[in-house]
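Asker:
2 protein chains.
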Amino acid sequence: MVKTPIMGNNFTIGYLGPPGTFSEQAALIVKNDQKRTDISLIPFPSIEDVFAAAAGGQADLAVVPLENSNEGAVNITMDNLIFGSNLFIRRQIALPIAQCLMTRPGMVHTDIIYSHSQSLAQCRQYLRKYYPGALLIPVSSNAEAARLISQGNGNEAAIGPKPAAELYGLHIKAENIQDHGGNVTTFAALSAGDADEPLPGGRTTIAFSTENEPGSLYKVLNIFSLWDINLTKILSRPMKGKPGEYAFYVDLEDYEAKDLQDALTMIGRKTDFYNYLGSYPKP
Amino acid sequence: MVKTPIMGNNFTIGYLGPPGTFSEQAALIVKNDQKRTDISLIPFPSIEDVFAAAAGGQADLAVVPLENSNEGAVNITMDNLIFGSNLFIRRQIALPIAQCLMTRPGMVHTDIIYSHSQSLAQCRQYLRKYYPGALLIPVSSNAEAARLISQGNGNEAAIGPKPAAELYGLHIKAENIQDHGGNVTTFAALSAGDADEPLPGGRTTIAFSTENEPGSLYKVLNIFSLWDINLTKILSRPMKGKPGEYAFYVDLEDYEAKDLQDALTMIGRKTDFYNYLGSYPKP
Chain F
1 MVKTPIMGNN FTIGYLGPPG TFSEQAALIV KNDQKRTDIS LIPFPSIEDV
51 FAAAAGGQAD LAVVPLENSN EGAVNITMDN LIFGSNLFIR RQIALPIAQC
101 LMTRPGMVHT DIIYSHSQSL AQCRQYLRKY YPGALLIPVS SNAEAARLIS
151 QGNGNEAAIG PKPAAELYGL HIKAENIQDH GGNVTTFAAL SAGDADEPLP
201 GGRTTIAFST ENEPGSLYKV LNIFSLWDIN LTKILSRPMK GKPGEYAFYV
251 DLEDYEAKDL QDALTMIGRK TDFYNYLGSY PKP
Chain Y
1001 MVKTPIMGNN FTIGYLGPPG TFSEQAALIV KNDQKRTDIS LIPFPSIEDV
1051 FAAAAGGQAD LAVVPLENSN EGAVNITMDN LIFGSNLFIR RQIALPIAQC
1101 LMTRPGMVHT DIIYSHSQSL AQCRQYLRKY YPGALLIPVS SNAEAARLIS
1151 QGNGNEAAIG PKPAAELYGL HIKAENIQDH GGNVTTFAAL SAGDADEPLP
1201 GGRTTIAFST ENEPGSLYKV LNIFSLWDIN LTKILSRPMK GKPGEYAFYV
1251 DLEDYEAKDL QDALTMIGRK TDFYNYLGSY PKP
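Those protein sequence lines, which keep their order, are chains F and Y.
With this note's numbering as the guide, the letters of the first sequence map in order to residues 1 to 283.
With this note's numbering as the guide, the letters of the second sequence map in order to residues 1001 to 1283.
And the structure:
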């Protein structure tokens, strides 16, 4: 997983910033597990920018949110991975997500609430119940929401992680406001370069689209069944500009390396579009 | 599809408002195809409110956006359909979506852009190219965005359908700003009451979750294969509070009514969670 750094001796991890995001927490976990100490964390303002940094050599690893256990896939990350990048998944990090409502100290009323759209969605029922009239404004990350309101002077609040409140000097009005228990976001650490070999006991992720004809998805899943490969996740994203057609993002586990190779060769043959997204340890 | 009206003689169609939304365009198509003339269209401020209106008897039919061909499923609609309502899909309406950028007449600069999050996502590349510094504010619908900026006085713009610009007296600065061609949104008309019988040549939608064990999705798809039923769409949504578990939303076509009944009986038997979402004509 540790690859040769691209720039000088310093190894850089780009993440969805600013400091204080859940992505930074995931990036810190990745940093602490590296076998070297000369590692810098660099925040980027958007998920697209994190992808571009890893593709362009400004970051050796890129940490982005991939999926939340209640709200589902992060569409921008999915589309960049499936259609838009030559990056590979090197690792996944599953973080329990506790959302807090935070304000500047002394603020009582809350008319406007900023956060990432995923975080707002994770707290939809809470917000509907306690702040039915508030204007909900999604911004690029929840730490950016905290940063924004720390500089504001109105009746604004942000939703995000506790460390963001501490970082930006905010008061925590309510904790654990997400609608559902078991709220976990999975982050992916990505990098350019050659794909890793499938690990024993690991996971491999691929994307493909099937021919637009009856039974085509079933035929592809049959390939995994034939080689006794366990499909543990299937998500679909629309093919851009092709209404009714989908690409599938699939996690595979419990395979023999040779079987996986043979199965993927067959997948490549039986699909219209196929993209190998990486092999990595199960999170 | 035409059911006995719940309130007096007037038949009501609820839709995601305010007037000027793409949902209203879809609701007008539904209205024009009814075999009666005493039909009122009623706007509701959110997708949840449209669902609640149909469930509670304030609307005989509810028209909500279901999926965009480029940005994917509308999560709130999906989750309400799969997990939260006893409504059935009576019809689907596929609308080509042309997004416009609109401002109050005479406005030159644009610092803040309002729209529905789906519309902002459909124009992501355009906005990144031409308005990289603008604050993007998702609101409950794109007609609501148009209404908001028509009452504002700043350098604000909205993204939405042309009729919304006309309705709220706005100037169209750019047309067809969506990133991808073939931009189609499918709307669903829903109602309470008894489920319709499967139509010959129609479509049936179901939702289910499989046991969380190897090959369980494949086993369910095998049922469709066994009865020669064509699966034309599969989307997944996370099961709330159960990380790693998914419910699948599936469209089925090209079936004999008796075969479908037998297959669905088997699906009910082989799944942890099963919900019949309706049979209706192909859009």
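Note that CB positions come from ideal geometry on N, CA and C, so glycine has one too.
Scan the stretch 71-158 of chain F and note each continuous alpha helix (DSSP H) run of 4 residues or more that stays entirely inside, going in chain order.
Answerer: Listed in chain order, they are 75-79, 117-122, 124-130 and 142-151.
Asker: Tell me whether ARG1237 (chain Y) sits in a helix, a strand or coil according to DSSP, three-state version.
Answerer: Of the three classes helix, strand and coil, the one that applies to ARG1237 (chain Y) here is strand, per DSSP.
Asker: Run through DSSP, which three-state label would SER46 (chain F) get?
Answerer: In the structure shown, SER46 (chain F) sits in coil (DSSP, three-state: anything other than H, G, I, E or B).
Asker: Closest Cβ-Cβ distance between LYS282 (chain F) and chain Y: below 8 Å?
Answerer: Answer no: the Cβ-Cβ gap between LYS282 (chain F) and chain Y never drops below 8 Å.
Asker: Applying the 10 Å Cβ sphere with the 16-neighbour rule, what's the burial state of THR1210 (chain Y)?
Answerer: It counts as buried.
Asker: Taking C-beta to C-beta, are ALA994 (chain Y) and PRO1018 (chain Y) nearer than 8 Å?
Answerer: In the structure as shown, chain Y begins at 1001 and stops at 1283. Residue 994 (chain Y) is therefore absent and cannot be evaluated.
Asker: For MET1007 (chain Y), count neighbouring C-beta atoms within 10 Å of its own C-beta (all shown protein chains included) and say buried if the count is 16 or more, exposed if not.
Answerer: Unreliable placement is indicated for MET1007 (chain Y), whose pLDDT of 48 sits below 50; no coordinate value is reported for it.
Asker: Relative to the C-alpha of ALA1189 (chain Y), which candidate in Y:SER1040, Y:ILE1039 and Y:LEU1066 has its C-alpha closest?
Answerer: If we check each option's Cα against that of ALA1189 (chain Y), Y:LEU1066 comes out closest.
Asker: Please specify which runs of the alpha helix (DSSP H), each continuous and at least 4 residues long, are wholly inside the stretch 194-229 of chain F, giving them in chain order.
Answerer: Counting whole runs of 4 or more residues, the stretch 194-229 of chain F contains the alpha helix (DSSP H) stretches 216-226.
Asker: Taking 6 Å as the limit between beta carbons, can you name the residues of its chain near VAL139 (chain F), skipping five residues before and five after?
Answerer: Excluding sequence neighbours, VAL139 (chain F) sits near TYR114 and ALA145.
Asker: Looking only at its own chain, which residues have a Cβ that is under 6 Å from the Cβ of THR1004 (chain Y), when we skip the five neighbours before and after it?
Answerer: Because THR1004 (chain Y) carries a pLDDT of 45, less than 50, the predicted location of this residue cannot be relied on, and the following value inherits that uncertainty. Closer than 6 Å at the Cβ level, and outside the excluded window around THR1004 (chain Y), lies no residue.
Asker: By Cβ distance, which residues of its chain are closer than 6 Å to LYS173 (chain F), with the 5 residues on each side in sequence left out?
Answerer: Closer than 6 Å at Cβ, skipping near neighbours: LEU101 and THR103.
Asker: Could you check which residue in F:ASN70, F:THR37 and F:VAL30 has the C-alpha nearest to that of PRO1238 (chain Y)?
Answerer: Of the listed residues, the one whose Cα sits closest to PRO1238 (chain Y) is F:ASN70.
Asker: Are at least three pairs of beta-carbons, each pair with one atom in the stretch 75-87 of chain F and one in the stretch 127-138 of chain F, less than 8 Å apart?
Answerer: Not touching, per the Cβ criterion.
Asker: From THR1077 (chain Y) to PHE187 (chain F), what distance separates their C-alpha atoms?
Answerer: Roughly 25 Å separates the two Cα atoms.
Asker: Rounded to the nearest angstrom, what separates SER150 (chain F) and TYR249 (chain F) at their Cα positions?
Answerer: Their Cα atoms are separated by approximately 38 Å.
Asker: Measuring straight from C-alpha to C-alpha, what distance separates ALA1094 (chain Y) and VAL1184 (chain Y)?
Answerer: C-alpha separation (whole angstroms): 6 Å.
Asker: For ALA1263 (chain Y), collect the residues of the same chain with a Cβ closer than 6 Å to its Cβ; drop the 5 residues on either side in sequence, then sort them by chain order.
Answerer: Around ALA1263 (chain Y): ILE1223, TRP1227 and ILE1229.
Asker: Give me the chain F residues within the contact set of GLY1181 (chain Y), using Cβ-Cβ distance strictly less than 8 Å, ordered along the chain.
Answerer: Neighbours of GLY1181 (chain Y) on chain F, chain order: GLY241.
Asker: Between which residues of its own chain and GLN1025 (chain Y) is the CB-CB distance below 8 Å, once the five residues before and five after are set aside?
Answerer: Counting only Cβ-Cβ distances below 8 Å, and skipping sequence neighbours, we find LEU1095, PRO1161 and PRO1163.
Asker: Opposite GLY160 (chain F) in the DSSP bridges: which residues?
Answerer: Answer is F:CYS100.
Asker: With three or more beta-carbon pairs closer than 8 Å as the criterion, would you say the stretch 202-209 of chain F touches the stretch 268-280 of chain F?
Answerer: Touching, per the Cβ criterion.
Asker: At the 8 Å Cβ level, is ILE1267 (chain Y) part of the contact set with chain F, yes or no?
Answerer: Closer than 8 Å: no.
Asker: So is GLY1017 (chain Y) in contact with chain F if we call contact Cβ pairs under 8 Å?
Answerer: Closer than 8 Å: no.
Asker: If you measure from the beta carbon of ARG237 (chain F) to each beta carbon in chain Y, is any gap under 8 Å?
Answerer: Closer than 8 Å: yes.
Asker: Assign PRO1281 (chain Y) to one of two classes, buried (16 or more other C-beta atoms within 10 Å of its C-beta) or exposed (fewer than that).
Answerer: Answer is exposed; the Cβ neighbour count stays below 16.
Asker: What's the gap between the Cα of GLY1169 (chain Y) and the Cα of PRO1105 (chain Y)?
Answerer: So the alpha carbons of these two residues sit roughly 8 Å apart.
Asker: Give the interface partners of SER117 (chain F) over in chain Y, defined as CB-CB distance under 8 Å, in chain order.
Answerer: In chain order: SER1117 and PRO1138.
Asker: Please report the straight-line C-alpha distance between ILE42 (chain F) and SER1216 (chain Y), rounded to a whole angstrom.
Answerer: Distance between the alpha carbons of ILE42 (chain F) and SER1216 (chain Y): 41 Å.
Asker: May I have the straight-line CA-CA distance separating PHE11 (chain F) from ARG124 (chain F), to the nearest angstrom?
Answerer: Straight-line Cα distance between these residues: approximately 39 Å.
Asker: Going by beta carbon distance, what residues of the same chain come within less than 8 Å of GLY1244 (chain Y), once the five residues before and after it are set aside?
Answerer: The answer, listed in chain order, is ASN1212.
Asker: Counting C-beta neighbours from all protein chains within 10 Å, is the total for VAL108 (chain F) 16 or more, i.e. buried, or is it exposed?
Answerer: Its Cβ having fewer than 16 others within 10 Å, VAL108 (chain F) is exposed.
Asker: Under the rule that 16 or more other beta-carbon atoms within 10 Å means buried, what is GLY154 (chain F), buried or exposed?
Answerer: Looking at its Cβ environment, which holds fewer than 16 other Cβ atoms inside 10 Å, GLY154 (chain F) is exposed.
Asker: Under 8 Å between the Cβ atoms of LEU252 (chain F) and LEU221 (chain F)?
Answerer: No, the pair does not count as a contact, with Cβ atoms beyond the cut-off.
Asker: Using a cut-off of 7 Å between C-beta atoms, extract the partners of VAL1184 (chain Y) located in chain F.
Answerer: In chain order: PRO243.
Asker: What first and last residue would you give for the beta strand (DSSP E) that runs through ILE267 (chain F)?
Answerer: From DSSP, ILE267 (chain F) is part of no beta strand (DSSP E) but of the alpha helix (DSSP H) over 257-270.
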